[in-house]
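Peer 1:
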Amino acid sequence: MGIFRIATYNVNSIRSRLHIVLPWLREHNPDVFCLQETKAADGAFPVSAFAAEGYQVIFRGTKQYNGVAVASREKPETVLYGLSDGGPADEDRLIAAVYSGITVVNTYVPQGREKETAHFAYKLEWFRRLRHFLERTNSPAAPLIWCGDLNVAPTEIDVHDPKRLLGHVCFTPEVWDAYAAVRSWGLEDLFRRHHPEEPGRYTFFDYRVPAAVKRGLGWRIDHILATPSLAARCLSCDIDLNPRLAVKPSDHTILTADFSGE
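In the numbering used here, the protein residues as written are 76 to 337.
1. Let me check understanding here. Comparing Cα to Cα, which of Glu128, Phe195 and Ile177 lies closest to Pro248?
2. Using CA coordinates, which residue listed in Lys190, Thr230 and Gln131 is at the minimum distance from Glu273?
3. Counting pairs of beta carbons, one from the segment 221-238 and one from the segment 293-304, are three or more of them closer than 8 angstroms?
4. Taking the beta carbon of Leu169 as the centre, do at least 16 other beta carbons fall within 10 Å, making it buried, or is it exposed?
5. The alpha helix (DSSP H) spanning Tyr254 covers which residue range?
6. Helix, strand or coil for Val107? Go by DSSP, reduced to three states.
7. Just to check my reading of the structure: Arg319 and Phe280 have Cβ atoms closer than 8 angstroms, yes? What is that Cβ distance to the nearest angstrom?
8. Determine the DSSP secondary structure at Val154, reduced to helix, strand or coil.
9. Pick helix, strand or coil for Tyr140, following the three-state DSSP scheme.
10. Contact defined as beta carbons within less than 8 angstroms: I believe Gly336 pairs with Pro303. What is the distance between those atoms, to the nearest angstrom?
11. For the alpha helix (DSSP H) that Thr212 lies in, which residues bound it at each end?
12. Would you mind stating whether Tyr84 and Leu100 have Cβ atoms separated by less than 8 angstroms?
13. What is the DSSP secondary structure of Glu128, counted as helix, strand or coil?
14. Taking DSSP as the reference, what is the three-state secondary structure of Ile220?
15. One question on the structure: do Val180 and Trp221 come within less than 8 angstroms of each other, judged by their Cβ atoms?
16. Between which two residues does the alpha helix (DSSP H) containing His338 stretch?
17. As a quick exercise: from Thr212, Tyr156, Arg276 and Ala306, pick the residue whose alpha carbon is nearest that of Arg268.
Shown next, in the form of structure tokens:
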């Protein structure tokens, strides 16, 4: 295997973002492209548009909310939908599949809405369930990627105004701890591996903030993490701002990582 490229993108409606996704696939040619917040029921997912570009897609979704998908050049070796632990399956929030011997866990972590609500408690529980999912189904000694919209900005340099934003459901100690507990299973943040102290690099820019990208008013809440053996093979991990600057963009942009062959 040569270079293995993976990308992740919260599209905020796949059918509304095909004008961005399809040209990006042609230009960057990832092996695996993980999508979140597709907002498409399974029968309405635009499979044929991906097939025309040489990609097959696995997906789970509903009409208005959530939704995850993985497009790939090769057929996945195995596929698992949802957390499969007896609780809410949340198949529209997690897909795990194996490509070229690498397990890819694509997640759309609950946002949490407001603290002191059931939605926020569910977010914290979701991280705990994900840690148990990894323990049940995988080993940190094996090559695994966890990626997606994780709805957590882990450090102060991952948001544009840490003092003002502290306490937000994506930037608060409870969420940092829940996220760290998943990472402690054996996962490394690949963007920080290559850009350890670099501030001002973000994957999300709120629609409601005028000229947010130009003004640098963003958050880094989309991530690609990997187990140690795979992290050691990571050649690069970078944010592409162009999709966020496109016409009718998602409020997120695309994060990519490249890995060398064994």
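C-beta: ideal position from N, C-alpha, C; glycine also.
Peer 2: Concretely, from the data shown:
1. Phe195
2. Thr230
3. yes
4. buried
5. In the DSSP assignment, Tyr254 falls within the alpha helix (DSSP H) that extends over Pro248 to Arg258.
6. Note: Val107 maps to strand in three-state DSSP.
7. 6 angstroms
8. strand
9. coil
10. Not really, about 17 angstroms apart at Cβ, beyond 8 angstroms.
11. Ala193 to Thr212
12. No, they are not a contact pair.
13. DSSP, reduced to helix, strand and coil, places Glu128 outside both helices and strands of the structure shown, so it counts as coil.
14. Judged by DSSP in its simplified three-state form, Ile220 adopts strand.
15. Closer than 8 angstroms, so yes.
16. Examination of residue 338 is not possible in this model, given that the chain is present from 76 through 337 alone.
17. Measuring from the Cα of Arg268, the nearest candidate turns out to be Ala306.
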